[in-house]
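Novice:
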Amino acid sequence: MDMQKGFIILGIVFIVIGVLWKFIGKLPGDIVVKKENVSFYFPIVTCMLISGILSLVFYIISRFK
Numbered sequence: 001m002d003m004q005k006g007f008i009i010l011g012i013v014f015i016v017i018g019v020l021w022k023f024i025g026k027l028p029g030d031i032v033v034k035k036e037n038v039s040f041y042f043p044i045v046t047c048m049l050i051s052g053i054l055s056l057v058f059y060i061i062s063r064f065k
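Residue numbers for the sequence shown follow full-length UniProt numbering, beginning at 1 and rising by one.
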């Protein structure tokens, strides 16, 4: 697979992740701390999910080389 097709596939993956993130929002397990003037959001479960999906996508892409 050439570089252009790889970038197109990567772009499509990012678009799909962005759309899914819009619908899913915060997942259970994401850390949210709200105080008086400060709020902190650490999406640990969301990051793990995205990492797993991207690992699977890159594995599939590497199998077709």
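Don't be surprised by glycine CBs; every beta carbon is placed ideally from N, CA and C.
Does the separation of the CB atoms of V45 and S39 fall below 8 Å?
Specialist: For V45 and S39, no; Cβs fall outside 8 Å.
Novice: In terms of residue numbering, what span does the alpha helix (DSSP H) encompassing residue 81 cover?
Specialist: Residue 81 is absent from the structure shown; the chain starts at 1 and stops at 65.
Novice: Select from V13, N37, I17, P43 the residue whose C-alpha is nearest the C-alpha of K26.
Specialist: The residue with the shortest Cα to Cα distance from K26 is P43.
Novice: Taking W21 as the reference, give the member of I61, I50, F64 with the closest Cα.
Specialist: The residue with the shortest Cα to Cα distance from W21 is I50.
Novice: Mapping DSSP to helix, strand and coil, what is F64?
Specialist: Coil.
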